[in-house]
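Since the structure comes first, as structure tokens, the remarks are kept for the end.
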Amino acid sequence: MSTHHNIRRVTTKVLQAMKEKQEKIAMITAYDYSMARLIDESNMDVILVGDSASNVMAGHESTLPITLDQMIYHASSVTRAVNRALVVVDMPFGTYQGNSRLALESAIRIMKETGAGAIKLEGGSEVKESVTRILSAGIPIMGHLGLTPQSIHKFGTYVVRATEEEEAEKLIEDAHLLEDLGCFAIVLEKIPSELAAQVAREIKIPIIGIGAGHQVDGQVLVLHDMLGITQEFSPRFLRRYHNLSDEIKNAVGNYISDVKAVEFPNENEQYY
Ligand code: KIV
Numbered sequence: 714m715s716t717h718h719n720i721r722r723v724t725t726k727v728l729q730a731m732k733e734k735q736e737k738i739a740m741i742t743a744y745d746y747s748m749a750r751l752i753d754e755s756n757m758d759v760i761l762v763g764d765s766a767s768n769v770m771a772g773h774e775s776t777l778p779i780t781l782d783q784m785i786y787h788a789s790s791v792t793r794a795v796n797r798a799l800v801v802v803d804m805p806f807g808t809y810q811g812n813s814r815l816a817l818e819s820a821i822r823i824m825k826e827t828g829a830g831a832i833k834l835e836g837g838s839e840v841k842e843s844v845t846r847i848l849s850a851g852i853p854i855m856g857h858l859g860l861t862p863q864s865i866h867k868f869g870t871y872v873v874r875a876t877e878e879e880e881a882e883k884l885i886e887d888a889h890l891l892e893d894l895g896c897f898a899i900v901l902e903k904i905p906s907e908l909a910a911q912v913a914r915e916i917k918i919p920i921i922g923i924g925a926g927h928q929v930d931g932q933v934l935v936l937h938d939m940l941g942i943t944q945e946f947s948p949r950f951l952r953r954y955h956n957l958s959d960e961i962k963n964a965v966g967n968y969i970s971d972v973k974a975v976e977f978p979n980e981n982e983q984y985y
């Protein structure tokens, strides 16, 4: 029996009910045990082990280099901390595109080795077979449309997506496709707010926005961005809730000064 039987876990069904009650869904990324624990204790609905770990954890310029093994390491650290939130894990680049058998194998590894509740993958009609196959194994999928960072080399830029009619129509079609296939939610990244609002109205499953305005069913941000740990990344959609980089640098700077001045440790901070 679970030792946490008094905590009601967030499931895909709970998220669907939230959309129906027009209760907004809060989602944030996490990649390690300690942060995930603080976030879960704050009553977050969904924790995404994003492949943004490639940027904020590993220092790569894009999300492309991170591997399945590395995502599994991050995700299993997160699930060890989480009692309440739904944990969703990004499938990294190269583990699901163009090969639905590989996609299923990758998704099964994530579910088996991390204890997460769902996976997320990028794209619409291009990944239809992979989506179908993963869903057939009973693994819940969150879709991701609009600015899909694993395709950055196709886009060539991180500017707002789907501002033109043709791309907007494809996005709406893809959202319907993902819903019809059986995905439980969709992330819409960096698209015009009116387009996101239309998708959230037309589609019955929860639509989570990042840079997609407020007329959607929930919001997601990258933890290190909203805490102000990352300093160089400042898109319009990013609200910084803290300036943690200054606080960390101050604290570390004070420690360095104390060590140099032999003010740390003091008499009460040593053993006799
Ligand atoms: O990798 C990530 O953190 C994401 C979110 C920005 C949605 O996909």
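In our numbering, each number is its position in the sequence shown, counted from 1, plus 713.
Cβ coordinates follow ideal geometry from the N, Cα and C atoms, glycine included.
Remember, it's a predicted structure, so these values are computed and weren't measured experimentally.
Quiz item: Distance, Cα to Cα, I832 vs G924?
Solution: 21 Å
Quiz item: V762 lies in the beta strand (DSSP E); which residues open and close that run?
Solution: 759 to 762
Quiz item: Are the Cβ atoms of G837 and I904 separated by less than 9 Å?
Solution: no
Quiz item: How many angstroms separate the CA atom of V800 from the CA atom of L817?
Solution: 19 Å
Quiz item: Between which two residues does the alpha helix (DSSP H) harbouring M770 extend?
Solution: Per DSSP, M770 belongs to no alpha helix (DSSP H) and is neither H nor E.
Exercise. State the DSSP-derived secondary structure class of L860, mapped to helix, strand or coil.
Key: coil
Exercise. Name the residue from I760, V769, D745 whose alpha carbon lies nearest to the alpha carbon of G931.
Key: I760
Practice problem: Tell me whether the beta-carbon of T827 lies closer than 9 Å to the beta-carbon of A788. | Solution: yes
Practice problem: Tell whether a beta-carbon distance below 9 Å holds between T742 and A766. | Solution: yes
Practice problem: Take the Cβ of I969 as the centre, count every other Cβ of all protein chains shown within 10 Å, and call the residue buried at 16 or more, exposed below. | Solution: exposed
Quiz item: Any chance the segment 886 to 901 sits against the segment 915 to 924, with 3 or more Cβ pairs inside 8 Å?
Solution: yes
Quiz prompt | Inter-residue spacing [alpha-carbon to alpha-carbon] between E980 and V972 | solution = 14 Å
Quiz item: Ordered along the chain, which non-local residues of its own chain (more than five positions away) have a Cβ less than 6 Å from that of S715?
Solution: Its pLDDT being 47, under 50, S715 is placed unreliably in this model, and the coordinates cannot settle the point.
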